[in-house]
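Numbers given in our numbering equal positions in the sequence shown, counted from 1, plus 31.
Glycine residues also receive a C-beta, built at the ideal position from the N, C-alpha and C atoms.
Since we're looking at a predicted model, the values are computed, not measured.
What follows is a single structure, written as structure tokens, with notes after it.
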Amino acid sequence: MRLYLQTVPGAADAPRYVQITLEQDLLGGWTLYRESGTQGGRASMKREQFLERDEAVAAFEKARDAQLKRGFRLMFAQGLEGPYGR
């Protein structure tokens with residue numbers, strides 16, 4: 032699953048972005064990547080690992096909700112499933 036969120040650009044400022052990605056590894060665990068920065072500028076990436084899918088999805092949704100509350104807008108979503116999808 033992957034989300035790309037972005038702020039509304041100001042008059043003189045480049046827009047900020049956040050990309051949240053959830054991937055399953057080869058051993059059955061889950062990794063949550065959170066990348067953020069200024070469009071065309073520096074970025075930082077954080078990584079969290081989870082053993083259970085439900086924990087990973089909950090962390091993914093929490094990260095998404097936190098960014099939406101900060102004023103980011105969803106620009107792109109890939110691989111999102113329904114609540115019972117696998």
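Quick check: what's the CA-CA separation for residue i versus residue j?
i           : j          : result
residue 101 : residue 55 : 28 Å
residue 47  : residue 95 : 15 Å
residue 41  : residue 69 : 12 Å
residue 106 : residue 36 : 5 Å
residue 45  : residue 89 : 30 Å
residue 109 : residue 58 : 23 Å
residue 75  : residue 98 : 15 Å
residue 103 : residue 91 : 15 Å
residue 73  : residue 93 : 24 Å
Pick out whichever of the options has its Cα sitting closest to the Cα of residue i.
i          : options         : result
residue 83 : 68, 66, 50, 60  : 60
residue 62 : 49, 86, 43, 74  : 86
residue 29 : 103, 77, 43, 81 : As shown, the chain starts at 32 and ends at 117. That puts residue 29 outside it, with no answer to give.
Tell me which residues share the same chain as residue i and place their Cβ nearer than 8 Å to its Cβ, disregarding the 5 neighbours each side in the sequence.
i          : result
residue 33 : 50, 51, 52, 53, 107, 108, 109, 110
Can you determine whether any heavy atom of the ligand FMN sits closer than 7 Å to the C-beta of residue i, and answer yes or no?
i          : result
residue 51 : Here there are no bound small molecules, and the ligand FMN is not part of this structure.
Have a look at the DSSP bridge pairing and note the partners of residue i.
i           : result
residue 45  : None, per the DSSP bridge assignment.
residue 81  : 61
residue 108 : 34
residue 72  : Answer is none; residue 72 lacks a bridge partner.
residue 98  : Residue 98 is not bridged to any residue.
residue 66  : 50, 76
Closer than 8 Å, CB to CB, is residue i near chain D or not?
i          : result
residue 96 : Chain labels in this structure do not include chain D; a single protein chain is all it has.
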